[in-house]
Amino acid sequence: MARFIIGSGAAPIHAVPAGTWQAARTLGEYALLGCYVGPGFDFSDFHMAKDDAEIRSIITLQGEVYAACL
């Protein structure tokens with residue numbers, strides 16, 4: 002995963018390779034998560050995990066979980 006910081010006071014941006022699952026976890030009552038996509042993105046290639054059972058199966062298949070805390 003590459004990390005780019007552009008300009009003074011800019012927020013961190015991460016480039017996530019294709020085929021990588023993304024996840025977020027709240028440390029409080031709520032969280033706001035965003036994902037920006039660029040040219041070449043196609044919703045037909047996108048899959049959102051539907052429930053905890055599917056998420057657990059993905060984690061089991063991948064064997065590792067990566068977490069980035071900003």
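So for the sequence shown, the working numbering puts the first residue at 2; every next one is plus one. Glycine residues also receive a C-beta, built at the ideal position from the N, C-alpha and C atoms. Just so you know, these numbers come straight off a predicted model, no measurement behind them.
| Query | Result |
| --- | --- |
| Count the other C-beta atoms from every protein chain shown that fall within 10 angstroms of the C-beta of Ala68, then say buried if there are 16 or more, exposed otherwise. | Confidence is the limiting factor: at Ala68 the pLDDT is only 45, short of 50, which leaves the residue's position unreliable, though a coordinate-based value still follows. Counting Cβ neighbours within 10 Å, Ala68 comes out exposed, since fewer than 16 surround it. |
| For Asp53, which residues in the same chain have their Cβ closer than 7 Å to its Cβ, ignoring the five residues on either side in sequence? | none |
| State the Cα-Cα distance for the pair Ala32 and Gln23, rounded to the nearest angstrom. | 15 Å |
| Taking all protein chains shown into account, decide if Pro18 is buried (16 or more other Cβ within 10 angstroms of its Cβ) or exposed. | exposed |
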